[in-house]
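A short worksheet on the structure shown next.
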Ligand code: IMP
């Protein structure tokens, strides 16, 4: 059952301040404010970002008894059969951008995509997932000081050749996986 609420605030479960900043910026034009919620780590192991976001959101909404939003995102590199994908967080912490570039040394096919799965859950068990995808290329060298994570090594096709790391928060959000997924959520929440 789907119920549209004309919601003007979301409870966003995240420990990542960069994501929080991006989501606030993305939702501002819709008149939706973002309240940060932090909880103990509860991610399940799965190869599917949607499944991870959906499950986590459901559990937290039931536990806290409030509607919540959880995002799970990842970078999928074609030549590496989708690696690091759902393991992006761990891979970034361990081998980082330098490690990815090392794995990609001499690799001609540099196609990659960022995927964002955003799950909105209510305490009654209702869940809805929104997906955003941005296609691009893995750069040869890291470039740019903006953003976080793999931003300095990802060149979106929808851009002008700069990496996400060379774009301002506004420029990145217009074309990013997160921008697309959260704008879909915003439209749904506000009944557009
Ligand atoms: P999470 O599991 O959704 O927190 O994201 C997994 C990891 O993917 C993060 O720790 C980042 O390293 C990377 N990541 C997710 N979204 C982005 C992004 O927008 N830019 C760069 N890296 C990202």
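Residue numbers (our numbering): 542 to 733.
Glycine residues also receive a C-beta, built at the ideal position from the N, C-alpha and C atoms.
Under the three-state reduction of DSSP, residue 634 is assigned to helix.
Contact check for residue 688 against residue 673 fails: the beta carbons are separated by 7 Å or more. Looking at the DSSP output, residue 625 shares a beta bridge with 617. Contact annotation: residue 610 and residue 553 have beta-carbon atoms nearer than 7 Å. A contact between stretches requires three or more CB pairs, one per stretch, nearer than 8 Å, and the stretch 654 to 662 meets this requirement with the stretch 709 to 727. As DSSP reads the structure, residue 679 sits in a beta bridge with 695.
Of the residues 669, 678 and 694, the one whose Cα lies closest to the Cα of residue 730 is 669. Under the DSSP assignment, residue 649 falls outside any beta strand (DSSP E); it carries neither an H nor an E label. Taking residue 602 as reference, the option from 710, 662 and 630 with the minimal CA-CA separation is 662.
Here the stretch 586 to 595 does not lie against the stretch 632 to 640, with fewer than 3 beta-carbon pairs under 8 Å apart. Going by DSSP, residue 551 is part of no alpha helix (DSSP H) but of the beta strand (DSSP E) stretching over 550 to 554. Judged by their CB atoms, residue 691 and residue 616 are nearer to each other than the 7 Å cut-off.
In this structure, DSSP gives residue 571 a helical state, which the three-state scheme calls helix. Apart from the 5 residues on each side of it in sequence, residue 572 sits with its Cβ closer than 7 Å to the Cβ of 549 in its chain, given in chain order. Of all residues, those with a beta-carbon under 5 Å from at least one heavy atom of the ligand IMP are 613, 614, 629, 630, 633, 690, 691 and 692, reported in chain order.
Straight-line measurement puts the Cα of residue 714 at about 7 Å from the Cα of residue 567. For the 7 Å CB-CB criterion, residue 575 and residue 560 do not form a contact.
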